[in-house]
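Take a look at the structure below.
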Amino acid sequence: MKRKITRGIYKQMQKFADITQTMIVRGNMSRAKKCFAIAESLFINGNKETKTAISNVYLYSVSGMLELKHFNTEKILPNALKKEYIKQINAF
Numbered sequence: 768m769k770r771k772i773t774r775g776i777y778k779q780m781q782k783f784a785d786i787t788q789t790m791i792v793r794g795n796m797s798r799a800k801k802c803f804a805i806a807e808s809l810f811i812n813g814n815k816e817t818k819t820a821i822s823n824v825y826l827y828s829v830s831g832m833l834e835l836k837h838f839n840t841e842k843i844l845p846n847a848l849k850k851e852y853i854k855q856i857n858a859f
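This note's numbering applies: residue 768 is where the sequence shown begins, and numbers increase by one.
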């Protein structure tokens, strides 16, 4: 059962990333920022699996879209997500 739950959180994060990306493409940055705030809250208050899913799925997907659209990710992302994003880009 735990395996299904684990896969479920990753699928949910991908769907949430898709919604956020849609808001970015449509130019609805106020809604995208609300999504970032929700993701940050989950990242700060969530368990280890939730944090991993946000980092590996949500943030990875959304940051790629922000870069493609030439947004300054460091200005748009909330602090906790910004720190995690910086960890990701420095890891490569």
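Every residue, glycine too, gets a C-beta built ideally from N, C-alpha and C.
Check: Taking only the alpha-carbon atoms, compute the straight-line gap between residue 781 and residue 788 and give it to the nearest angstrom.; Outcome: 10 Å
Check: Is residue 778 helix, strand or coil when you go by DSSP?; Outcome: helix
Check: Which class does residue 798 belong to by DSSP, given the choice of helix, strand or coil?; Outcome: helix
Check: Could you tell me the alpha carbon to alpha carbon distance between residue 825 and residue 813, rounded to whole angstroms?; Outcome: 14 Å
Check: Distance check for residue 829 and residue 838, CA to CA, integer angstroms please.; Outcome: 11 Å
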